[in-house]
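Quick notes on the structure that follows.
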Amino acid sequence: MDVEIRPGTGAGPFRFGMPVREARAAAQQWGPFRTAAADEEPGQIVLTHDDSRTDIVLGFSGGALSAVELFRFRKEDADVRILLDGLDVFRTPSEDLLEELTGRGHTIEENDLGFDALPELKVILANQSSYAYPVDEEGDPLHFDYVLVGAGPGG
Numbered sequence: 001m002d003v004e005i006r007p008g009t010g011a012g013p014f015r016f017g018m019p020v021r022e023a024r025a026a027a028q029q030w031g032p033f034r035t036a037a038a039d040e041e042p043g044q045i046v047l048t049h050d051d052s053r054t055d056i057v058l059g060f061s062g063g064a065l066s067a068v069e070l071f072r073f074r075k076e077d078a079d080v081r082i083l084l085d086g087l088d089v090f091r092t093p094s095e096d097l098l099e100e101l102t103g104r105g106h107t108i109e110e111n112d113l114g115f116d117a118l119p120e121l122k123v124i125l126a127n128q129s130s131y132a133y134p135v136d137e138e139g140d141p142l143h144f145d146y147v148l149v150g151a152g153p154g155g
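Position one of the sequence shown corresponds to residue 1 (this note's numbering), numbered consecutively onward.
What follows is the structure, given as structure tokens:
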């Protein structure tokens, strides 16, 4: 399963501005995702891919999709790729990913709260999970485990 992050547009089959009903239909057609029950006009819909243990959260504002949160798979051999500018966000070591994105002309803003932002893309990358992901010699996570993709102006 590949999920392409399209800054300003969305991620996977989900497009910013799409109504809740359309997002639910896209989720059902997309694949084997379990959907958490939500109100008719929810603030968010949680999707879980049981095979990989990947979570995707769709955020809504005024009934329209305004953000997509992607959480790293919890099965290391999962056939899942979350792609940003062709780079596998959750498998490329975070330092290498930031270096590659900077080399491609993207601005990275580091934050003391533990996340890195790509402001022109409205993308945030973070290591925020308590799940035991692979770590380096110092015990720091090797990969990002969270991505927030926000809608652009008017989205």
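Glycine residues also receive a C-beta, built at the ideal position from the N, C-alpha and C atoms.
Quantities reported herein were computed from a predicted structural model and do not represent experimental measurements.
Span separating the alpha-carbon of residue i from that of residue j
i, j, result
"aspartate 116", "methionine 1", "25 Å"
"phenylalanine 14", "glutamate 41", "16 Å"
"tyrosine 146", "histidine 106", "18 Å"
"methionine 18", "glutamate 100", "31 Å"
"alanine 23", "leucine 65", "8 Å"
Outcome for residue i when other beta-carbon atoms lying within 10 angstroms are tallied against a minimum of 16
i, result
"serine 61", "exposed"
"threonine 102", "exposed"
"arginine 21", "exposed"
"alanine 25", "exposed"
"arginine 72", "buried"
For residue i, the first and last residue of its enclosing alpha helix (DSSP H)
i, result
"glutamine 128", "Unbroken run through glutamine 128: none, as it is neither H nor E."
Paired residues, beta bridge with residue i - DSSP
i, result
"arginine 24", "None, per the DSSP bridge assignment."
For residue i, three-class secondary structure by DSSP
i, result
"glutamate 110", "strand"
"threonine 92", "coil"
"glutamate 76", "coil"
"arginine 65", "Before going further, note that residue 65 is leucine rather than arginine in the sequence given. Note: leucine 65 maps to strand in three-state DSSP."
"glycine 155", "Here glycine 155 scores only 45 on pLDDT, less than 50, and its place in the model is too uncertain to base an answer on."
Run of the beta strand (DSSP E) containing residue i, from where it starts to where it stops
i, result
"glutamate 4", "2 to 6"
CB contact below 7 Å: residue i versus chain D
i, result
"valine 80", "Judged by its chain identifiers, the structure shown contains no chain D, having just a single protein chain."
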